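Each residue of the sequence shown is one higher than the one before, starting from 1 at the first, in UniProt numbering. We put the beta carbon where it would ideally sit given N, CA and C, even for glycine. No experiment lies behind these values; they were computed from the predicted model shown. Note sheet for the following structure.
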Amino acid sequence: MFELDRSQYPQKKADGTLDIDLTSGKYLKLWQGPQHPGITGNMAIELTVCGDEVVDATTHVGYLHRGFEKLMERRTFMQCFPIVCRICVPEPDFNEYCYAAAVEELAGLEIPELAHWIRTLILEMGRVNSYLMYLGGQAGAFGQGVIGQWTTYVRDLMLDRFEELTGARIYHMFIIPGGVRDNLPDGFAGRMEETLREIESVLADVDRVMFHNAVFKKRAVGVGVIDTAWLDSYGITGPNARAAGVAKDVRKDQPYLVYPELEFEAVTGKDSDIYTRADVRRRDLLLSLDLIRQILAKMPKTGAVMTKLPNVLHWKIPRGETYVRGECSRGEYGYYLVTDGSGYPRRVNVRGPSYTHSIALFERMVINANISDVAALLVSLHTYPPEIER
Numbered sequence: 001m002f003e004l005d006r007s008q009y010p011q012k013k014a015d016g017t018l019d020i021d022l023t024s025g026k027y028l029k030l031w032q033g034p035q036h037p038g039i040t041g042n043m044a045i046e047l048t049v050c051g052d053e054v055v056d057a058t059t060h061v062g063y064l065h066r067g068f069e070k071l072m073e074r075r076t077f078m079q080c081f082p083i084v085c086r087i088c089v090p091e092p093d094f095n096e097y098c099y100a101a102a103v104e105e106l107a108g109l110e111i112p113e114l115a116h117w118i119r120t121l122i123l124e125m126g127r128v129n130s131y132l133m134y135l136g137g138q139a140g141a142f143g144q145g146v147i148g149q150w151t152t153y154v155r156d157l158m159l160d161r162f163e164e165l166t167g168a169r170i171y172h173m174f175i176i177p178g179g180v181r182d183n184l185p186d187g188f189a190g191r192m193e194e195t196l197r198e199i200e201s202v203l204a205d206v207d208r209v210m211f212h213n214a215v216f217k218k219r220a221v222g223v224g225v226i227d228t229a230w231l232d233s234y235g236i237t238g239p240n241a242r243a244a245g246v247a248k249d250v251r252k253d254q255p256y257l258v259y260p261e262l263e264f265e266a267v268t269g270k271d272s273d274i275y276t277r278a279d280v281r282r283r284d285l286l287l288s289l290d291l292i293r294q295i296l297a298k299m300p301k302t303g304a305v306m307t308k309l310p311n312v313l314h315w316k317i318p319r320g321e322t323y324v325r326g327e328c329s330r331g332e333y334g335y336y337l338v339t340d341g342s343g344y345p346r347r348v349n350v351r352g353p354s355y356t357h358s359i360a361l362f363e364r365m366v367i368n369a370n371i372s373d374v375a376a377l378l379v380s381l382h383t384y385p386p387e388i389e390r
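Listed below in structure tokens is the structure:
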């Protein structure tokens, strides 16, 4: 049997390039993406392989750069919302919350209690949607396409609830400075309960076909292990960190909104491989379903949902800076906002987990991986390239 001698692998030079001779026939340069079913968005991976084993990887982004952070510098604080929600399509509401909370902190706005409950509800609904997309993608990377069909079906039911509540299915622009745009419609809790039960029913089938599947276990158990020494050096957060046994969850570490009123514990694993990361997200999805039920049971039924704002066309916020963070489905998400006393943001910087996970961490963990596992490794980090292109 042919065995690779890893001691003979090429080393990187000072400029970051590999010291290899591609004409020797020993190494091959292979591009995966930017248009590839195993890539979760518009990015490319430049692989150097020896046989079917990866010896080096370089990620390439920039295919979807939209300059959102710069665009916000020439728009009023309210005009930024159509931009903010488009930074991350699967979970746009978290961008709305972080930006709105940063504006509220610098403007000194007090938010009605009911608005806090509704914001938390919306964030958990978005988390459910994001995890459902992930499960379909992770199964699809191993050839289990039916899982994606099931999760898309129940995700569509949750989009129905979003449309009922906000008037839109994807970009909601419902969380704004001062609160939220409206209260829950009549009968919303009952219809949400029906949706939650349907999701739980489908997840039982997902467990049977995906997590209890011998092929999935063979492809995922012990593959793509994240070394615990990398957690801090690469800035790993969210389920990727919790799958390594570290209970990092901003909802518990630095509670915001009404999370202190809810009963839950951070979901963790211990093996830090593809299977464990998928299982942590599956259990976190079930936790979100429970949190939605808690919110609907505990929240006030009536009350103000919006505080009075000044004329938004001439709204000037005092000079200052703040950083607001929270826990999205992929990890810690944060907004750094700087104001200079004008009617426009001086600077908006978005800290998303996809950059650290899908570039720095992925380039390290894919070394020595099999070519057939590259797509599964990338999906297991729950990366979203358009979030990088800000």
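Excluding its 5 nearest sequence neighbours in each direction, lysine 316 has C-beta neighbours in its own chain below 7 Å: Gly341, Ser342 and Gly343, listed in chain order. Across the structure, arginine 277 and isoleucine 87 are spaced so that their CA atoms are roughly 24 Å apart. In the structure shown, threonine 48 falls within a strand segment according to DSSP collapsed to helix, strand and coil.
Per DSSP, reduced to three states, the secondary structure at tyrosine 131 is helical. Ranked by Cα distance from glutamine 79, the first of Pro177, Asp232, Glu265 and His357 is Pro177.
Looking at the backbone, the Cα of glutamate 198 and that of leucine 64 are separated by about 35 Å. In the same chain as glycine 126, and ignoring 5 residues on each side of it, the C-beta atoms closer than 6 Å to its own belong to Glu91 and Asp93, in chain order. In terms of CA proximity to arginine 181, Glu164 leads the group Leu231, Trp31, Glu193 and Glu164.
Nearest neighbour of glutamine 254 by Cα position, chosen from His382, Leu337, Val324 and Leu291, turns out to be Val324.
With a beta-carbon spacing of about 30 Å, valine 350 and valine 54 fall beyond the 8 Å limit used to define contacts.
Each residue's CA atom was taken as its position, placing isoleucine 175 and arginine 191 some 21 Å apart. Unbroken beta strand (DSSP E) stretches of 3 residues or longer found wholly inside the segment 91-178: none. According to the DSSP assignment, glutamate 198 belongs to the alpha helix (DSSP H) that extends over 188-206.
Distance check between glycine 331 and each of Ala168, Phe77, Asn240 and Ala115 places Asn240 closest, using alpha-carbon atoms only. A straight line joining the alpha-carbon of methionine 210 with that of asparagine 129 spans about 18 Å.
Lysine 70 sits in a helix when the DSSP states are folded into three classes. No Cβ-Cβ contact shorter than 8 Å links tyrosine 99 with valine 89. Closest in C-alpha terms to leucine 106, from the list Ser372, Thr383 and Gly320, comes Gly320. With distances taken between CA atoms, glycine 108 lies nearest to Pro318 out of Pro318, Ser329 and Lys217.
Cβ contact annotation for threonine 228 (same chain, cutoff 8 Å, sequence separation greater than five): Ala244, Gly245, Val246 and Ser272, in chain order. Counting the other Cβ atoms within 10 Å of the Cβ of asparagine 95 gives 16 or more, which makes it buried. Around the beta-carbon of aspartate 160, fewer than 16 other beta-carbon atoms lie within 10 Å, marking it exposed.
DSSP places asparagine 240 in the helix class (H, G or I) of the three-state scheme. Judged by DSSP secondary structure, leucine 377 falls within the alpha helix (DSSP H) whose first and last residues are 374-380. Secondary structure note for glutamate 332: it is in no alpha helix (DSSP H), and the uninterrupted beta strand (DSSP E) holding it is 331-339. One thing to note: alanine 44 has its Cβ no nearer than 8 Å to the Cβ of isoleucine 367. Excluding residues up to 5 positions away in sequence, Glu124, Arg127 and Val128 lie with their Cβ nearer than 6 Å to the Cβ of serine 288 in the same chain. If you draw a straight line from the Cα of isoleucine 359 to the Cα of valine 258, it comes to about 33 Å.
Looking from the CA of alanine 220, the closest CA among Asn370, Thr151, Glu46 and Gly67 belongs to Asn370. Phenylalanine 188 places its beta carbon 8 Å or farther from that of phenylalanine 142. By alpha-carbon distance to glutamate 194, the top candidate from Leu157, Val61 and Val225 is Leu157.
Scanning Tyr275, Glu327, Tyr234 and Ala266 for the CA closest to the CA of asparagine 213 turns up Tyr275. Between glycine 303 and glutamate 113 the beta-carbon gap is near 7 Å, inside 8 Å, which marks them as a contact.
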